[in-house]
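Colleague: Pasting a structure below so you can have a look.
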Amino acid sequence: MQHALTLAETSVQQHEGGPFGAVIVRDNTIIGSGYNQVTRQHDPTAHAEVMAIRNTCRELQTFDLSGCHLYTSCEPCPMCLSATYWARLDKIYYANTRLQAEQAGFMDADLYAEICQPMAQRQIPLEYIELAQANLAFQLWDAKTTRAPY
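Just so you know, we're using the numbering used here here: the sequence shown kicks off at 437 and counts up by one.
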């Protein structure tokens, strides 16, 4: 956890990013790490946890991080939490809460509340478009014998 916190501090001091750092550990060894690079990369998805997942997957040459734990300087936002599920991480440890992030000016709490809203009441509308060919990609995927399920 100390390394994740150091990355968060370094992100602010040297990289002008948000105060977030994360490391991924397997068998008590840090496999990958990341710090917030949203403003540096002009990428709203470049959160510390996502960067750590990307770096770890690249290092291990896999998208499946089963057996790994995430240590992060702050409770993951909804995007990062979702990424940990997609990566199949076994456990998340965090040092600051979403309330602390909110007090520092980040909108994590708002996003958690937004997800719970019915689609029709969300700030960004979602609208289903029914098209006959829309399901073709899923049919092709289902028929593909060499697919890597994830």
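C-beta atoms are modelled at their ideal positions from N, C-alpha and C, and glycine is treated no differently.
#1: Counting only the same chain and skipping the five closest in sequence on each side, list residues whose C-beta sits under 7 angstroms from that of Ile551.
#2: Tell me, to the nearest whole angstrom, how far the beta carbon of Thr508 is from that of Ala523; I am working on the premise that it is less than 8 angstroms.
#3: Between which two residues does the alpha helix (DSSP H) harbouring Tyr548 extend?
#4: According to the neighbour-count rule (16 or more other Cβ atoms, all chains shown, within 10 Å of its Cβ), is Thr581 buried or exposed?
#5: Tell me which same chain residues have a C-beta within less than 8 angstroms of the C-beta of Pro480, skipping the five on either side of it?
#6: With 16 as the cutoff for other CB atoms within 10 Å, does Asp544 come out buried or exposed?
#7: For the beta strand (DSSP E) containing Arg462, name the first residue and the last one.
#8: Any contact of the segment 456-473 with the segment 485-493, i.e. 3+ C-beta pairs under 8 angstroms?
#9: Within 10 angstroms of the Cβ of Ser518, are there 16 or more other Cβ atoms? Answer buried if so, exposed if not.
#10: Quick check on the burial criterion: 16 or more other C-beta atoms within 10 angstroms. Buried or exposed for Ile460?
#11: Please classify Gly457: is it buried, with 16 or more other beta-carbons within 10 angstroms of its beta-carbon, or exposed?
#12: Quick one: residues in its chain with C-beta nearer than 6 angstroms to the C-beta of Ala444, no 5 flanking neighbours on either side, listed in chain order?
#13: What separation, rounded to the nearest whole angstrom, lies between the Cα atoms of Met555 and Gly453?
Modeller: Taking the structure as given:
#1: The residue given as residue 551 occupies position 115 in the sequence shown. Counting only Cβ-Cβ distances below 7 angstroms, and skipping sequence neighbours, we find Pro514.
#2: On the sequence shown, residue 508 is found 72 positions in, with the first residue counted as 1. On the sequence shown, residue 523 is found 87 positions in, with the first residue counted as 1. Actually they do not touch by this definition, with Cβ atoms about 13 angstroms apart.
#3: Taking the sequence shown and counting its residues from 1, the one referred to as residue 548 is at position 112. Per DSSP, Tyr548 belongs to the alpha helix (DSSP H) from Asp544 to Cys552.
#4: On the sequence shown, position 145 is the one that residue 581 refers to. Exposed, since its Cβ has fewer than 16 Cβ neighbours within 10 Å.
#5: Taking the first residue of the sequence shown as 1, we reach residue 480 at position 44. Result list for Pro480: Val474, in chain order.
#6: Walking along the sequence shown from the start, residue 544 turns up at place 108. Buried, because 16 or more other Cβ atoms sit within 10 Å of the Cβ of Asp544.
#7: Position 26 of the sequence shown, counting from 1, holds the residue named residue 462. Taken as a continuous stretch (DSSP letters only), the beta strand (DSSP E) holding Arg462 covers Gly457 to Arg462.
#8: yes
#9: As a first step, residue 518 must be located in the sequence shown, where it is residue number 82. The residue in question, Ser518, is exposed, as its Cβ has fewer than 16 Cβ neighbours within 10 Å.
#10: For the purposes of this step, residue 460 is taken as the residue at position 24 of the sequence shown. Ile460 is buried by the Cβ-count criterion.
#11: Counting from 1 along the sequence shown, the entry for residue 457 is found at position 21. That one is buried.
#12: Indexing the sequence shown from 1 puts residue 444 at position 8. Correct list, in chain order: Pro455, Phe456, Gly457 and Ser509.
#13: Locating residue 555 in the sequence shown gives position 119, counting from the first residue. Locating residue 453 in the sequence shown gives position 17, counting from the first residue. Distance between the alpha carbons of Met555 and Gly453 is about 32 angstroms.
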